[in-house]
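Visitor: Be aware that the sequence shown starts at -10, since it is given in my numbering, and climbs by one per residue.
Note that beta-carbon positions come from the ideal geometry of N, C-alpha and C, so glycine has one too.
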Amino acid sequence: AMRSIEREAPDLIFLDVLLPDEDGLSLLKKIKQSHPEIEVVMISGHATLSMAVEATRAGAYDFLEKPLQKEKILLLIRHFLEKETLQKQFRAMRQKQFDEYRMVGESPAIRLVEEQISRVAPTNSKVLILGESGTGKELVAWAIHHQSRRKNTPFVKMNCAAIPEELTESELFGHEKGAFTGAGETRDGKFLQADGGTLFLDEIADMSLKVQTKVLRVLQDGRFERVGGKTTLKSDVRVIAATNKNLERLVKEGKFREDLFYRLNVLPITVPPLRERREDIGLLLDYFVKKYCAENNRRPVHLEKQVVEVLQNYSWPGNIRELKNLVERLLIMTGAPEITVADLPKHLFQSDTVLEEAVPGSKTLKEVRELAEKQYILNCLRACGNNVSQTATMLGLERTNLHKKMKALGIKKKG
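(1) Among residues of its own chain, excluding the 5 on either side of Met147, which ones have a beta-carbon nearer than 8 Å to its beta-carbon?
(2) Please name the residue or residues paired with Asn148 in a DSSP beta bridge.
(3) Could you check what DSSP says for Ala230 in three-state terms: helix, strand or coil?
(4) Would the beta-carbon of Gly123 fall within 8 Å of that of Gly307?
(5) State the CB to CB distance for the pair Glu154 and Ser197, rounded to an integer number of angstroms; the pair is presumed to be in contact (CB under 8 Å).
(6) I want to know whether the stretch 41 to 49 touches the stretch 58 to 78 - three or more CB-CB distances under 8 Å.
(7) Give the list of continuous beta strand (DSSP E) stretches no shorter than 3 residues that lie fully inside the stretch 90 to 168.
(8) Are the stretch 136 to 147 and the stretch 258 to 270 touching by the rule of at least three beta carbon pairs closer than 8 Å?
(9) May I ask you to report which of helix, strand or coil DSSP gives Leu386?
(10) Closest to His291 by CA distance: which of Arg310, Thr142, Thr323 and Ser23 is it?
(11) Mapping the DSSP letters down to three states, classify Arg215 as helix, strand or coil.
(12) Taking 8 Å as the threshold (C-beta atoms), are Ala231 and Lys126 in contact?
(13) In chain order, what residues of the same chain have a beta carbon less than 7 Å from the beta carbon of Glu103, not counting five sequence neighbours either side?
(14) DSSP three-state call for Ile32: helix, strand or coil?
(15) Just the Cα atoms here: how many angstroms apart are Ala(-10) and Ser15?
(16) Taking all protein chains shown into account, do 16 or more other C-beta atoms lie within 10 angstroms of the C-beta of Asn368, making it buried, or fewer, making it exposed?
(17) Does the beta-carbon of Glu95 have 16 or more other beta-carbons within 10 angstroms, so that it is buried, or is it exposed?
(18) Ignore the nearest five residues each way along the sequence and tell me which others in Val129's own chain have a CB closer than 7 Å to its CB.
(19) If you measure between the beta carbons of Ile32 and Phe3, is that distance less than 8 Å?
(20) Going by DSSP, what residue range makes up the alpha helix (DSSP H) through Thr202?
(21) What span of residues does the beta strand (DSSP E) with Glu311 cover, start to end?
(22) Threshold first: 4 residues or longer. Then list the alpha helix (DSSP H) segments lying entirely within the stretch 228 to 308, N to C.
(23) Within 10 angstroms of its Cβ, does Phe250 collect 16 or more other Cβ (buried), or is it exposed?
(24) Would you report the Cα separation of Glu121 and Asn233, rounded to the nearest angstrom?
(25) Hey, quick one: how far does the alpha helix (DSSP H) through Thr45 stretch, first residue to last?
(26) Give the secondary structure of Glu359 by DSSP, where H, G and I count as helix, E and B as strand, and everything else as coil.
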């Protein structure tokens, strides 16, 4: 029987309690131990209550008594298939969510973030996620939720910077009918919507001091009232907050409550900017290209090697969001099966390194201009695989003029 299971890989098995060579209940236990995903329906002509209980404890899907009735068997199979279909749809949905929000990268910087996520996720503590705009702070918040005991509960998010100050309280705590002009009916806020789950407060530094005071109370005892209401409500939520601003400085300036800061800053996680994890850019490009092509039923698109090199040398002020938008724009504007250096926007070849390293007073304006020119030409040469003709075209120069410029700047042609 076990060899047949290995060979056929069934989804559902009908198993008699009485077998010629083995006890059916013993075989059930073996099947569930080696293949827990297979459902087993036990069959018996002399069933007892204790036998049915033992089969259920061993993992039986159902228990049928002989003589078997065709209608019962067909109904059981139909219910099994419906349940299996729903489970597959749920698994597919969860996998899609995981793929959508998974951390992409193998750099030490991103591995540290993943390690921190693994440590904080099982706890119920508040988390403060810090990082520049576009680094993926929401992704980190969702990953924490997904790996926590609350993963099958609501994940509710609110961007504090996107809501007008006068509506923030209503958005967070809800409001009673008639509480203000336009409040035509009683409405639950984010804290009730997230009850039992996770509430992600993005850009929390933009929250007014008045609202901060009310949020602090909820964090202390989980209690609040709707706007215009007198009934005290209670909500069990795990709060994860994020900001791209320096909260400690805002506390000193009196723009952010110190007690709220300490309430939120229990487990801080800093998400690194893309320029500090350049080795992940190739993996991110591959991920975004494949994702876009799959979502738009487009054939796979190849990136020229020099494209990756150029993008790895760019500073990415907009971080991952900027990279994602660039990939989408390139794939929309380029119908070819390959994206080349010529398809890239000109600003990607500019470098801030020279200007960042030039200490005021250490160089004349002419020297800084020459250094910037040299760096830009080197970037273009690298992007074109050191092909001078292609580089000249990219720079809008004659090949001979580029040679003269390279000689004057001390750039030696490679290869």
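Guide: This is what the structure holds:
(1) Glu160, Leu161, Lys179, Leu188, Phe189, Leu190 and Asp191, listed in sequence order.
(2) DSSP output for Asn148 lists Asp191 as bridge partner(s).
(3) DSSP places Ala230 in strand when its eight states are reduced to three.
(4) In this structure, Gly123 places its C-beta atom within 8 Å of the C-beta atom of Gly307.
(5) Taking a contact as a CB-CB distance under 8 Å, the pair Glu154 and Ser197 counts as one, their CB atoms being some 5 Å apart.
(6) No: fewer than three Cβ pairs fall under 8 Å.
(7) Secondary structure within the stretch 90 to 168: the beta strand (DSSP E) runs of 3 or more consecutive residues, fully enclosed, are 116 to 119 and 144 to 148 (chain order).
(8) Flag = no, the stretch 136 to 147 and the stretch 258 to 270 do not touch.
(9) Of the three classes helix, strand and coil, the one that applies to Leu386 here is coil, per DSSP.
(10) Comparing C-alpha distances from His291 to each of Arg310, Thr142, Thr323 and Ser23 shows the shortest one belongs to Thr323.
(11) Judged by DSSP in its simplified three-state form, Arg215 adopts coil rather than helix or strand.
(12) The beta carbons of Lys126 and Ala231 sit closer together than 8 Å.
(13) These residues qualify, in order along the chain: Met92.
(14) For Ile32, the three-state secondary structure derived from DSSP is strand.
(15) Take the alpha-carbon of Ala(-10) and the one of Ser15: they are about 12 Å apart.
(16) The residue is buried, with at least 16 neighbouring Cβ atoms inside 10 Å.
(17) Around the beta carbon of Glu95, a 10 Å sphere encloses fewer than 16 other beta carbons of the protein chains shown; the residue is thus reported as exposed.
(18) Within the same chain, Val129 has close Cβ partners Val102, Ile106, Ile118, Ile258 and Val260.
(19) In terms of Cβ geometry, Ile32 and Phe3 form a close pair [threshold 8 Å].
(20) Going by DSSP, Thr202 is part of the alpha helix (DSSP H) stretching over Leu198 to Asp210.
(21) Run containing Glu311: none in the beta strand (DSSP E); it sits in the alpha helix (DSSP H), Asn308 to Met322.
(22) Taking only runs of at least 4 residues, the alpha helix (DSSP H) segments lying wholly in the stretch 228 to 308 are 236 to 241, 247 to 253, 270 to 284 and 294 to 302.
(23) A buried status is given to Phe250, since no fewer than 16 other beta-carbon atoms sit within 10 Å of its beta-carbon.
(24) So the alpha carbons of these two residues sit roughly 5 Å apart.
(25) Leu38 to Arg46 is the span of the alpha helix (DSSP H), which, as asked, contains Thr45.
(26) Correct three-state label for Glu359: helix.
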